[in-house]
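**Student:**
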Amino acid sequence: MFNGANVLITGGTGSFGKKYTQILQERFSPNKIIIYSRDELKQYEMSQDYNTECMRYFIGDVRDRDRLTQAMDGVDYVIHAAALKQVPAAEYNPFECIKTNIHGAENVIQAALANNVKKVIALSTDKAASPINLYGATKLCSDKLFVSANNMAGSRETRFAVVRYGNVVGSRGSVVPFFQKLIDEGASELPITHEDMTRFWITLREGVDFVLKNFERMQGGEIFIPKIPSIRITDLAKAMAPQLPSKIIGIRPGEKLHEVMCPIDDAHLTIEFDDHFAITPSIRFHDDNMDYSSNKLGEKGRFVSMGQEYASGTNPHFLTPVEIIEMNERAKK
27 MFNGANVLIT GGTGSFGKKY TQILQERFSP NKIIIYSRDE LKQYEMSQDY NTECMRYFIG
87 DVRDRDRLTQ AMDGVDYVIH AAALKQVPAA EYNPFECIKT NIHGAENVIQ AALANNVKKV
147 IALSTDKAAS PINLYGATKL CSDKLFVSAN NMAGSRETRF AVVRYGNVVG SRGSVVPFFQ
207 KLIDEGASEL PITHEDMTRF WITLREGVDF VLKNFERMQG GEIFIPKIPS IRITDLAKAM
267 APQLPSKIIG IRPGEKLHEV MCPIDDAHLT IEFDDHFAIT PSIRFHDDNM DYSSNKLGEK
327 GRFVSMGQEY ASGTNPHFLT PVEIIEMNER AKK
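Under the working numbering, the letters of the sequence shown match residues 27 to 359, in that order.
1. Mind checking Arg198: buried by the 16 CB within 10 Å criterion, or exposed?
2. Can you tell me where the beta strand (DSSP E) holding Asn32 begins and where it ends?
3. Just to confirm the assignment, what range does the alpha helix (DSSP H) spanning Thr296 have?
4. Bridge partners for Pro217 per DSSP, in chain order?
5. Looking only at C-alpha atoms, which of Thr260, Ser338, Asn176 and Tyr62 sits nearest to Lys253?
6. Beta strand (DSSP E) containing Leu149: first to last residue?
7. Where does Ala140 fall in DSSP's three states?
8. Using a threshold of 8 Å, state whether the C-beta atoms of Thr36 and Val134 are closer than that.
9. With distances taken from CA atoms, which of Arg89, Thr346, Gln96 and Phe204 is nearest Glu132?
10. Does the beta-carbon of Gly180 have 16 or more other beta-carbons within 10 angstroms, so that it is buried, or is it exposed?
11. Relative to the C-alpha of Asn127, which candidate in Arg93, Leu166, His343 and Ala265 has its C-alpha closest?
12. Assess contact between the segment 292 to 299 and the segment 263 to 281, defined as three or more Cβ pairs (one per stretch) separated by less than 8 Å. Is contact present?
13. Compare the C-alpha of Thr164 against each of Gln112, Arg356, Val201 and Gln136 and name the closest.
14. Count the other CB atoms within 10 Å of the CB of Asn321; is the residue buried (16 or more) or exposed (fewer)?
15. If we ignore side chains and look at the alpha-carbon of each, how far apart do Leu94 and Lys45 end up?
16. Assess contact between the segment 186 to 203 and the segment 216 to 228, defined as three or more Cβ pairs (one per stretch) separated by less than 8 Å. Is contact present?
17. Which same chain residues, not among the five before or five after Gly333, have their C-beta less than 8 Å away from its C-beta?
18. With burial defined as no fewer than 16 other Cβ atoms inside 10 Å of the residue's Cβ, what is the status of Tyr70: buried or exposed?
19. Between the beta-carbon of Phe250 and the beta-carbon of Val188, is there less than 8 Å?
20. If we ignore side chains and look at the alpha-carbon of each, how far apart do Met353 and Ser272 end up?
21. To the nearest angstrom, how far is it from the Cα of Ala267 to the Cα of Asn77?
22. Can you tell which of Arg91, Gly324 and Tyr336 has its C-alpha closest to the C-alpha of Lys239?
23. What is the rounded straight-line gap between the Cα of Leu139 and the Cα of Thr219?
24. On the three-state DSSP scale, how would you describe Cys288?
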């Protein structure tokens with residue numbers, strides 16, 4: 027699919043964009059990989075490591091529709107990874123969060139339609155499921171925009187889908203590097219927001235693999251969710267620093283005790299496959315004959331029971347502290 031193709035990644039200098047670029051070049055021979063982002067320093071730094079003939083670096087913001095439209099000229103596939111992602115920053119800068127996460131999503135859609143891009147996948151987050159903070163609310167809105175964009179496409183070839191997953195092990199601003207920094211600085215304890223807190227756990231490579239696979243699976247309009255393990259934050263602390271006690275500091279504003287990726291209210295739309303879920307559109311498209319229980323790879327699924335929820339706290343697969351250590355090490359590769 028990606029051999030000889032032109033691929034554009036918004037927010038491409040982030041952790042996901044770098045790993046996606048690496049894996050795309052390891053497995054395929056793309057014609058162009060276009061990194062679209064607004065930070066010239068990060069682009070310069072990335073270009074020192076990724077400087078093959080196929081690489082292109084475009085300075086631009088997803089808030090700028092004209093620049094996006096120009097950048098997508100001749101592009102076959104788009105991965106929309108750009109977002110304002112920090113929960114506290116979104117609460118303190120709500121208009122900026124809305125401009126990037128909602129208006130930016132609209133601009134990506136319009137630019138893709140204007141250039142007849144074949145397929146677009148937007149990255150989502152567990153926080154978009156039953157959101158309780160502004161970041162999650164803007165990502166839910168973004169998800170809805172990308173799903174409904176398939177109706178806007180009309181007779182065009184362009185199709186849109188969403189990929190939603192939980193915490194990426196070791197990503198910037200996440201708990202693993204935070205704990206590691208405290209450990210390296212000689213902390214006498216590790217702060218835990220709540221003793222019962224759980225999180226979904228996925229490595230960056232696994233996330234990229236899932237996105238790549240869903241470009242092949244997608245028909246348009248799906249929200250794809252991988253089946254991944256959960257961890258208890260207390261077990262993570264034990265795994266990283268068994269010698270240190272924990273201190274309960276309380277749940278932060280906008281933070282959930284458990285993550286949800288398939289809400290109860292979407293159970294009637296959710297299809298379970300062997301290794302993932304797909305939330306199907308709640309609206310009908312111009313092509314009303316799509317059977318989402320069988321995807322483009324021929325994988326078969328079935329609708330889940332009414333009232334079923336996919337949440338980190340009730341996930342049947344929890345990692346032990348030893349397994350957490352192994353996964354954290356694997357995430358560094």
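Idealized CB from N, CA, C, for every residue including glycine. As the structure is a prediction and not an experimental result, all values here were calculated from the model.
**Tutor:** Reading from the atomic positions:
1. In the sequence shown, the residue the question calls residue 198 occupies position 172. Counting of Cβ neighbours within 10 angstroms places Arg198 among the exposed residues, the total staying below 16.
2. As a working note, residue 32 is residue 6 in the sequence shown. Start and end: Asn32 to Thr36.
3. Here the question's residue 296 lines up with position 270 in the sequence shown. From DSSP, Thr296 is part of no alpha helix (DSSP H) but of the beta strand (DSSP E) over Thr296 to Glu298.
4. For this step, residue 217 is matched to residue 191 along the sequence shown. For Pro217, which the question treats as bridged, DSSP gives the partners Lys273.
5. Walking along the sequence shown from the start, residue 253 turns up at place 227. Checked all of Thr260, Ser338, Asn176 and Tyr62; the closest Cα to Lys253 is Ser338.
6. By one-based count along the sequence shown, residue 149 stands at place 123. Segment Lys145 to Leu149, the beta strand (DSSP E) holding Leu149.
7. As a working note, residue 140 is residue 114 in the sequence shown. Annotated three-state conformation of Ala140 is helix, per DSSP.
8. Here residue 36 refers to the residue found at position 10 when the sequence shown is read from its first residue. Here residue 134 refers to the residue found at position 108 when the sequence shown is read from its first residue. Yes.
9. Residue numbering aside, residue 132 sits at position 106 when the sequence shown is read from its first letter. Distance check between Glu132 and each of Arg89, Thr346, Gln96 and Phe204 places Arg89 closest, using alpha-carbon atoms only.
10. Start at 1 with the first residue of the sequence shown, and residue 180 comes out as number 154. By the Cβ neighbour-count rule, Gly180 is exposed, with fewer than 16 other Cβ atoms within 10 Å of its own.
11. Within the sequence shown, residue 127 is the residue found at index 101, counting from 1. Nearest option by C-alpha distance: Leu166.
12. The segment 292 to 299, when compared against the segment 263 to 281, does not touch it at the 8 Å Cβ threshold.
13. Taking the sequence shown and counting its residues from 1, the one referred to as residue 164 is at position 138. Relative to Thr164, the option among Gln112, Arg356, Val201 and Gln136 whose CA is nearest is Gln112.
14. In the sequence shown, counting from the first residue as 1, residue 321 sits at position 295. Buried, by the Cβ-count rule.
15. By 1-based counting over the sequence shown, the position of residue 94 is 68. By 1-based counting over the sequence shown, the position of residue 45 is 19. Spanning the two alpha carbons is a distance of roughly 22 Å.
16. In short, these stretches touch, since the Cβ pair count reaches three.
17. Taking the sequence shown and counting its residues from 1, the one referred to as residue 333 is at position 307. When the five nearest sequence neighbours on each side are left out, the beta carbons in the same chain lying within less than 8 Å of the beta carbon of Gly333 are those of Ile290 and Ala293, in order along the chain.
18. Along the sequence shown, read from residue 1 onward, the residue named residue 70 stands at position 44. With fewer than 16 other Cβ atoms within 10 Å, it is exposed.
19. Here residue 250 refers to the residue found at position 224 of the sequence shown. Here residue 188 refers to the residue found at position 162 of the sequence shown. In this structure, Val188 lies closer than 8 Å to Phe250 by Cβ.
20. Mapped onto the sequence shown, residue 353 falls at position 327. Mapped onto the sequence shown, residue 272 falls at position 246. Cα to Cα, Met353 sits roughly 22 Å from Ser272.
21. Locating residue 267 in the sequence shown gives position 241, where the first residue counts as 1. Locating residue 77 in the sequence shown gives position 51, where the first residue counts as 1. Those two C-alpha atoms are separated by around 38 Å.
22. Translated into the one-based positions of the sequence shown, residue 239 becomes position 213. Residue Gly324 is the option with its Cα nearest to Lys239.
23. In the sequence shown, residue 139 corresponds to position 113, counting from 1. In the sequence shown, residue 219 corresponds to position 193, counting from 1. Each residue's alpha carbon lies about 44 Å from the other.
24. Position 262 of the sequence shown holds residue 288. Per DSSP, reduced to three states, the secondary structure at Cys288 is strand.
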